[in-house]
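*Asks:* Residue 140 in the working numbering sits at position 140 of the sequence shown, and the numbers go up by one each step.
Glycine included, every Cβ here is placed at the ideal spot set by N, Cα and C.
Note that the coordinates shown come from a computational prediction; the quantities given were computed from them, not determined experimentally.
Next up is a structure, given as structure tokens.
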Amino acid sequence: MFNKFFKWLKNDGGLPEIKGVAINEIVDSIKRSMVKMQQDMESSGIKIKKIEITLKTIVVGDSGAETKLQIPVLGELDIGSKLSKKTVQTTNLTLKLPKPTKKGIEKIQIMKIDETIEKSILDITEGVKAAINNPPLLEMEDASVEFNFILKSDSEISMIIESGFEAELTNNMKVIFEKMD
1 MFNKFFKWLK
11 NDGGLPEIKG
21 VAINEIVDSI
31 KRSMVKMQQD
41 MESSGIKIKK
51 IEITLKTIVV
61 GDSGAETKLQ
71 IPVLGELDIG
81 SKLSKKTVQT
91 TNLTLKLPKP
101 TKKGIEKIQI
111 MKIDETIEKS
121 ILDITEGVKA
131 AINNPPLLEM
141 EDASVEFNFI
151 LKSDSEISMI
161 IESGFEAELT
171 NNMKVIFEKM
181 D
């Protein structure tokens, strides 16, 4: 089955030249942001319950080589690429942070992707903090943040999605918060 698929890809001239970012690179960026933010949120009594990620991926590789799922980078798509709904896969991940530790996290290098994710979620958590810390006090029942993004380069994401082809490559991340015990 896969051989037929890759033979079609090779004869079609489409996907092999498409460049992308590996799923683990996006997950690592999200993970670094979440761990850093979790420590900041502990003082306000909220924590991240789980992170739901939906990524649009493509299969890259050759029939004789290892195949991988990668997230297409909009600026790297060659004009001759034949990327369509049929060739775009959807990958879903649900992640949960481990229990916080007393140890501080080591100094980590923050990329633009990390900074964008961190800033977007910190904006929402500031609202949650204001509700539970400033009079009149409100108790948090449910809180989540969800945003769509596309990869503009291997180190930059965009929260502004145009219509058409960009919409086909839209990735989604939802962070669900809960009160700390």
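(1) Check residue 50 in the structure and name its three-state DSSP category.
(2) For residue 172, which residues in the same chain have their Cβ closer than 6 angstroms to its Cβ, ignoring the five residues on either side in sequence?
(3) So who's on the other strand from residue 38, going by DSSP bridges?
(4) When the Cα of residue 141 is compared with those of 176, 21, 26, 90, which residue comes out closest?
(5) Under DSSP, the beta strand (DSSP E) around residue 173 begins and ends at which residues?
(6) Nearest to residue 115 by CA position, among 36, 136, 23, is which residue?
(7) Give the secondary structure of residue 45 by DSSP, where H, G and I count as helix, E and B as strand, and everything else as coil.
(8) Give the C-beta separation of residue 30 and residue 117 to the nearest angstrom, bearing in mind that I take them to be a contact with Cβ-Cβ under 8 angstroms.
(9) Please report how far the alpha carbon of residue 91 lies from the alpha carbon of residue 136, in whole angstroms.
(10) Return the Cβ separation of residue 125 and residue 180 in integer angstroms, given the expectation that the two are a contact with Cβ distance under 8 angstroms.
(11) Using the Cα positions of residue 71 and residue 23, report the straight-line distance between them to the nearest angstrom.
(12) Can you tell which of 21, 51, 138 has its C-alpha closest to the C-alpha of residue 58?
(13) Please look up how many angstroms separate the CB atoms of residue 129 and residue 44, rounded, as I've assumed it's under 8 angstroms.
(14) Would you tell me roughly how many angstroms separate the C-alpha atoms of residue 27 and residue 138, rounded to the nearest one?
(15) Rounding to the nearest angstrom, what Cα-Cα distance links residue 168 and residue 56 in this structure?
(16) Is it the case that the Cβ atoms of residue 88 and residue 120 are separated by a distance below 8 angstroms?
(17) Do the CB positions of residue 34 and residue 46 come within less than 8 angstroms of each other?
(18) Taking the DSSP output, what are the residues bridged to residue 56?
*Replies:* Judging by the given coordinates:
(1) The residue labelled residue 50 in the question sits at position 50 within the sequence shown. Residue state, collapsed to three classes: strand.
(2) Position 172 of the sequence shown, counting from 1, holds the residue named residue 172. 54, 148, listed in sequence order.
(3) Taking the first residue of the sequence shown as 1, we reach residue 38 at position 38. Listed as beta-bridge partners of residue 38 by DSSP are no residues whatsoever.
(4) On the sequence shown, position 141 is the one that residue 141 refers to. Among 176, 21, 26, 90, the Cα nearest to that of residue 141 belongs to 176.
(5) Locating residue 173 in the sequence shown gives position 173, where the first residue counts as 1. For residue 173, the enclosing beta strand (DSSP E) begins and ends at 171-179.
(6) As a first step, residue 115 is located in the sequence shown; it is residue number 115 there, counting from the start. Relative to residue 115, the option among 36, 136, 23 whose CA is nearest is 36.
(7) Against the sequence shown, residue 45 aligns to sequence position 45. Here residue 45 carries a coil assignment [DSSP, helix/strand/coil].
(8) Taking the first residue of the sequence shown as 1, we reach residue 30 at position 30. Taking the first residue of the sequence shown as 1, we reach residue 117 at position 117. The pair is a contact, with the Cβ atoms about 6 angstroms apart (cut-off 8 angstroms).
(9) Locating residue 91 in the sequence shown gives position 91, where the first residue counts as 1. Locating residue 136 in the sequence shown gives position 136, where the first residue counts as 1. Straight-line measurement puts the Cα of residue 136 at about 42 angstroms from the Cα of residue 91.
(10) The residue labelled residue 125 in the question sits at position 125 within the sequence shown. The residue labelled residue 180 in the question sits at position 180 within the sequence shown. No, residue 125 and residue 180 are not in contact; Cβ-Cβ is about 13 angstroms, not under 8 angstroms.
(11) Here residue 71 corresponds to residue number 71 of the sequence shown, with the count starting at 1. Here residue 23 corresponds to residue number 23 of the sequence shown, with the count starting at 1. Linking residue 71 to residue 23 through their CA atoms gives a straight-line distance of about 7 angstroms.
(12) Here the question's residue 58 lines up with position 58 in the sequence shown. A check of alpha carbon separations from residue 58 across 21, 51, 138 identifies 21 as the nearest.
(13) Translated into positions along the sequence shown, residue 129 becomes position 129. Translated into positions along the sequence shown, residue 44 becomes position 44. Correct: roughly 4 angstroms between the Cβ atoms.
(14) Residue mapping note: residue 27 aligns to position 27 of the sequence shown, counting from 1. Residue mapping note: residue 138 aligns to position 138 of the sequence shown, counting from 1. Roughly 33 angstroms separates the two Cα atoms.
(15) Indexing the sequence shown from 1 puts residue 168 at position 168. Indexing the sequence shown from 1 puts residue 56 at position 56. Distance between residue 168 and residue 56, taken at the CA atoms: about 8 angstroms.
(16) Start at 1 with the first residue of the sequence shown, and residue 88 comes out as number 88. Start at 1 with the first residue of the sequence shown, and residue 120 comes out as number 120. Result no, Cβ atoms of residue 88 and residue 120 do not sit closer than 8 angstroms.
(17) What you label residue 34 is simply residue 34 of the sequence shown in a count that begins at 1. What you label residue 46 is simply residue 46 of the sequence shown in a count that begins at 1. No. Outside cutoff.
(18) As a position in the sequence shown, residue 56 is number 56, starting the count at 1. DSSP lists 90 as partners of residue 56.
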